[in-house]
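Going letter by letter, the sequence shown gives residues 5 to 250 in this note's numbering. The beta-carbon is built from N, C-alpha and C at its ideal position, and this holds for glycine as well. Source: prediction; values computed, not measured. Report on one structure; see the data block that follows.
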Amino acid sequence: MRRIQRSIIIGFIITGLLSYCQFSKKYAEPIALRLVSPETPLSKSSDQFYRKIRPLIDTMNSWMVLERPIRVIIKENEEPIYDPQSRTIIMGLDPIYEAKEMLPGSEYSVLSILLFHELGHALIHELNIMELTNQEIMADTFATVFAIESFDNPKMVYEYALFLDKMPRDLSIEALWSEHRLDQQRYFDAICLLYGSETFPKVQTLVPNEWMRDNGQRCTEDYPIIVDSWYEAISVALKSSVKTYP
Ligand SMILES: [Zn+2]
């Protein structure tokens, strides 16, 4: 009888060890993003952006884990993009410098939102999230909701919207063909989500009364549905301690 008990206990221990080994193998590093050191030294101002990205990534890694972490590389003179083949977010700094020039003080908000936008693309690929609309709209929506809900930083979205509004109006055929929405459309998309979140009353100063009359209710009703949908879609990547977030 005692031998049977011992066998059962040993069996439990072996099963536990095996599942732990499997978990460790599956999540060799319990993180979602790995910041890669720049191949060539960055300029002083770009290095400041690199230093700013590091704590953002540390925070995201404390919330999320992916089976294979996504690499993040900072590059000067490039636009931000996610490359699904190499599973790399290339965090191009061009728009960040644009923000620094056009709306000084907004550059860190723009940097953060654009990083979250590329993370949105990465999560759509890594978690096979169904695309119910243009992926660029999905990534924009994710970035905005992530900043408001997870980072609890609606001001970041507000400053990003102000930056979009400062961008030169571009109605060229290339801009109309692009999979991205026009900057002014992205501006109103960000405002709609921020307004709907009811976290930043100052957003109301950015839009005329007619806009509020025509869109306010829709934005307020849609916002919680969008938040729930996104967090449901990424729940598999959220660490257990934040499973119920937001
Ligand atoms: Zn994109």
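query	result
Contacts around Leu-198, its chain only, beta-carbon distance under 8 Å, and the 5 residues preceding and following it disregarded	Thr-148, Ile-152, Pro-158, Val-161, Tyr-162, Ala-165, Phe-204, Val-207
DSSP beta-bridge partners of Gly-96	Lys-79
Cutoff 7 Å; reference Ile-238; Cβ partners in own chain excluding five residues on either side	Leu-127, Leu-131
Cβ-heavy atom distance, Ile-94 to ligand 1, below 8 Å	no
Reference Glu-236, options Glu-43, Leu-118, Ile-133, closest by Cα	Ile-133
For Leu-118, the first and last residue of its enclosing alpha helix (DSSP H)	111-130
Where the beta strand (DSSP E) through Ile-195 begins and ends	Ile-195 -> not in any beta strand (DSSP E); alpha helix (DSSP H) instead, spanning 187-201.
Simplified DSSP state of Met-64, which is helix, strand or coil	helix
Proximity of Asp-144 and Ala-194 at Cβ, strictly below 9 Å	yes
Closer than 8 Å: Tyr-86 CB and nearest ligand 3 heavy atom	Absence of ligand 3 is noted for the structure shown, with ligand 1 being the only ligands found.
Integer-rounded CB distance, given that Lys-170 should sit under 8 Å from Met-106	5 Å
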